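Remarks on the structure that follows.
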Amino acid sequence: PVLHDYLNFFMAFSSSLAHIKNPYLRGKLLEVMSMMIPRDKSQGFEFGGGNLTQLFQEHDIARQCLIPTLIQFYVDIEVTGAHNQFYEKFHYRHYMAQLLLYVCQFPVYVKAVEIESEKTEEFVRFVNMMLNDAIYFIDESLLKLTEIRKLQQDMADQGEWMKKPEEERTAAEQRLQQAGGQARWGMVSSTEVLSMMKMLTGHILNPFLRPELADRVAAMLNYVLMLIAGPKCIELKVNDPDKYSFKPKELLALVVEIFMNLSAHPSFAAAVIKDGRSYDQKVLAKVHRLLRNHALKDEGYIAQFWAFVQRLKEMESDQMELDAQLGDVPEELLDPISFELMTDPVLLPTSGNIMDRSTISRHLLSDETDPFNRQRLTADMLEPASEVKAKIEAFLASAKRGGAAMDVEQ
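My numbering puts the first residue of the sequence shown at 90, with every later residue one more than the last.
The following block contains the structure:
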C-alpha cells in the first residue's frame, strides 16, 4: 500500500546515520511521520492507500526500528549546530514524543522499549535529557504563571489601573500576553514529557533509578509536588487557568502516577528522602488529601500512596538516627562535589581526584570531561578506589556499633 511505501522511506532515512547525519534533517522526517498518527477512528485513504489506524501496527520495519530511532534522535537533537539549537530541539522532540506515546499503545512497541532500555548507556542519556526538559518546562511555565497572577491582580482594581499612564498599561498588557503564551507552551510541553515518563516507568524502572539518576528523578518529582501542593501554591492561582493549559489536578495526578510507578523499586524511597530541598511530609500529606477530596484516584490507589508516604516517614526517622551515629565524617570520605559520604568511590585518572561514582557519572552524562581540569573523561576510564572504599566500610561499621568513629588514617 502507498502508506507503507511512505513509511518505508521515512524509516529508511530517519534511522540511518550513514545517510543523514544531521539531526535537524532527521527531525524533519519524524515531523512528517508524526502526521501519520491517526487523529480519529475513521481516518484512512481510499484506492488501496491503506488505513492509518493499522499502519504502525502492521509495518515490520517500524516495529523493529522506530523505537531505537526515536530514542537516538532525542539524544542527537540536543546539538544541531544552529544558533537557536536550545529551542529548536524542543520543537522536534515534541514530534518524537507524539510518536512514542502513540505507538506505545501497542504491545510490540512496549517490548521494543524494554529491549532498548537494556542498552544502558544510551537509554540513561535519553532519560537524563527527558529530566532536563521536564525541569526546564516546569520552571518556565510556573514562573510565568506567578507573573500572570501578579499582572492580573494589578489589572483587577480598575480604579488604580486606569490611573497608570497609558504607556505603562500597554506594556503590562503586552507582558501578560507574552507570559500567557510562554506559560501555555511550557505547560503543554511539561505535560508531554511527564506523560512519556509515566508511560515508560509503567514498564521499566532500572534506567530511572540508576545511581547517577535516582536522586535527580526523585528531586524533580518532589519539586513539582511542592510547587502544586506546597505553601506557595496560591501563587499559581490565575484567572482562566485553562487559557494557559494549566490543569493542576491533572498535573498532580500525573506526577503521582510516576511517583507510584517508581515506588516499586527499592532504591526510590531512599532517593526521595535524600532530597533536602523539596521533600516534605506535610506536602505529601496535602497531596494525599487532594487525591481524596477531588477523587483523582480510586480509594485503593490512594491507600497505596499513603502507605508509601508512611514508609518514607519511617525511613527518614531511621536515616536521622544513622546520621546522628555517624557524627562528623572525615573529609577524605566525602565526595568533593556533593559533600556527602561516598558509597562507591572511584579514581579520576585524569586528575587523580576521588569522587563517588554516582556523582561523576551524573556529570559525565552531559559533559565528558574531568570537572577538575576539563580533560576528556568517560565512564569506562573510572577506576575503583579500593582503599577509600575499605575506609568507608570500616567507618560505617564503627559508627553503627555505637563506638567512636575510627581514625581513618590508621
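A virtual CB, placed ideally from N, CA and C, is assigned to each residue, including glycine. Predicted model, so just to flag it, every value in this text is computed and none were measured.
Looking at the secondary structure, which residues open and close the alpha helix (DSSP H) in which P434 lies?
Per DSSP, P434 lies in no alpha helix (DSSP H); the unbroken beta strand (DSSP E) holding it starts and ends at 434 to 436.
Alpha helix (DSSP H) segment containing D243, residue limits:
In the DSSP assignment, D243 falls within the unbroken alpha helix (DSSP H) covering 209 to 245.
Taking M276 as part of the alpha helix (DSSP H), name the residues at either end of that continuous run.
255 to 290 is the extent of the alpha helix (DSSP H) around M276.
Under 7 Å between the Cβ atoms of R451 and D433?
Taking a C-beta distance under 7 Å as the contact criterion, R451 and D433 do not qualify as a contact pair.
Quick one: what's E472 bridged to in DSSP?
Answer is L436.
Is the beta carbon of M309 sitting closer than 7 Å to the one on I224?
Contact flag set, yes.
Do I323 and the ligand ZN come close, with the Cβ less than 6 Å from some heavy atom?
Although the ligand ZN was asked about, the structure shown includes no ligands whatsoever.
Taking the beta strand (DSSP E) that D459 belongs to, which residues open and close that run?
Per DSSP, D459 belongs to no beta strand (DSSP E) and is neither H nor E.
Would you identify the three-state DSSP class for D387, choosing helix, strand or coil?
In this structure, D387 counts as coil in the three-state DSSP scheme.
Which partner residues does D165 have in the DSSP bridge list?
None, per the DSSP bridge assignment.
Per-residue DSSP class, three states only, for M349:
It is helical.
Outcome for M251 when other beta-carbon atoms lying within 10 angstroms are tallied against a minimum of 16:
Within a 10 Å sphere around the beta-carbon of M251 sit fewer than 16 other beta-carbons, which makes this residue exposed.
If you run the structure through DSSP and keep just helix, strand and coil, what is M124?
Three-state result, M124: coil.
How far does the beta strand (DSSP E) with M100 in it extend, from its first residue to its last?
Here M100 belongs to no beta strand (DSSP E); instead the alpha helix (DSSP H) covers 91 to 103.
What is the rounded straight-line gap between the Cα of E403 and the Cα of G389?
E403 and G389 have their C-alpha atoms roughly 21 Å apart.
Could you tell me whether the Cβ atoms of V327 and I204 are closer together than 7 Å?
No.
Length of the line joining the Cα atoms of G492 and E420:
Low confidence applies here, because G492 scores a pLDDT of 47, under 50, leaving its location unreliable; read the following figure in that light. About 19 Å.
Spatial neighbours of P473 within its chain, please: C-beta separation below 7 Å, excluding the five flanking residues on both sides.
Correct list, in chain order: V435.
Three-state secondary structure (DSSP) of M431:
Note: M431 maps to coil in three-state DSSP.
Segment contact flag, the stretch 370 to 378 with the stretch 311 to 330, C-beta cutoff 8 Å, min 3 pairs:
Between the stretch 370 to 378 and the stretch 311 to 330 there are three or more inter-stretch CB-CB distances shorter than 8 Å, so the stretches are counted as touching.
What does DSSP give as the partner residues of L423 in its beta bridges?
In DSSP, L423 forms a bridge with L430.
Should the stretch 263 to 281 be regarded as contacting the stretch 191 to 204, the criterion being three or more beta carbon pairs within less than 8 Å?
Taking a cut-off of 8 Å for Cβ pairs, the stretch 263 to 281 and the stretch 191 to 204 do not touch, as fewer than three such pairs fall below it.
Closer than 6 Å by C-beta to E135: which residues in its own chain qualify, once you throw out the five before and the five after it? Chain order, please.
Residue confidence is low: E135 scores 45 on pLDDT, short of 50, so the model does not pin down where it sits. No coordinate-derived value is stated.
Determine whether the beta carbon atoms of A272 and K233 lie at a separation below 7 Å.
In contact: A272 and K233 (Cβ atoms closer than 7 Å).
Once you ignore the five residues that flank P122 on each side, which residues in its own chain have a CB closer than 6 Å to its CB?
The sequence given here places Met at residue 122; Pro does not occur at that position. Spatial neighbours of M122 in its own chain (CB-CB distance under 6 Å, excluding positions within 5 residues in sequence) are listed in chain order as F99.
If you reduce the DSSP assignment to three classes, tell me which class D369 lands in.
If DSSP states are grouped into helix, strand and coil, D369 belongs with coil.
Whole angstroms are fine: how far does the CA of L453 sit from the CA of M503?
With the chain represented from 90 up to 499, any question about residue 503 goes unanswered, as that position is not in the structure.
Per DSSP, I443 is paired with what?
Answer by DSSP bridge pairing, in chain order: L436.
Reduced DSSP secondary structure (H/G/I, E/B, other) of R465:
Here R465 sits in strand by DSSP.
For A151, which residues of its own chain have a beta-carbon under 7 Å away from its beta-carbon, when the five flanking residues on both sides are left out?
For A151, where only same-chain residues beyond five positions count, the Cβ hits under 7 Å are L96, M100, F145.
On a CA-only basis, which of A261, R366, V376, L155 is nearest A245? Give me that one, please.
With distances taken between CA atoms, A245 lies nearest to A261 out of A261, R366, V376, L155.
DSSP state of S206, grouped into three classes?
Reduced to three states, the DSSP call for S206 is helix.
Could you give the residue range of the alpha helix (DSSP H) that holds E301?
Taken as a continuous stretch (DSSP letters only), the alpha helix (DSSP H) holding E301 covers 300 to 318.
Only counting the same chain, and skipping five residues up and downstream in sequence, which positions put a Cβ closer than 8 Å to that of L240?
Cβ neighbours of L240 beyond the five flanking positions: A261, R264, L265, A268.
Note down the Cα distance separating G291 from P157, rounded to an integer number of angstroms.
Cα-Cα distance, rounded: 19 Å.
Helix, strand or coil for N173 per DSSP?
DSSP, read as helix, strand or coil, puts N173 in coil.
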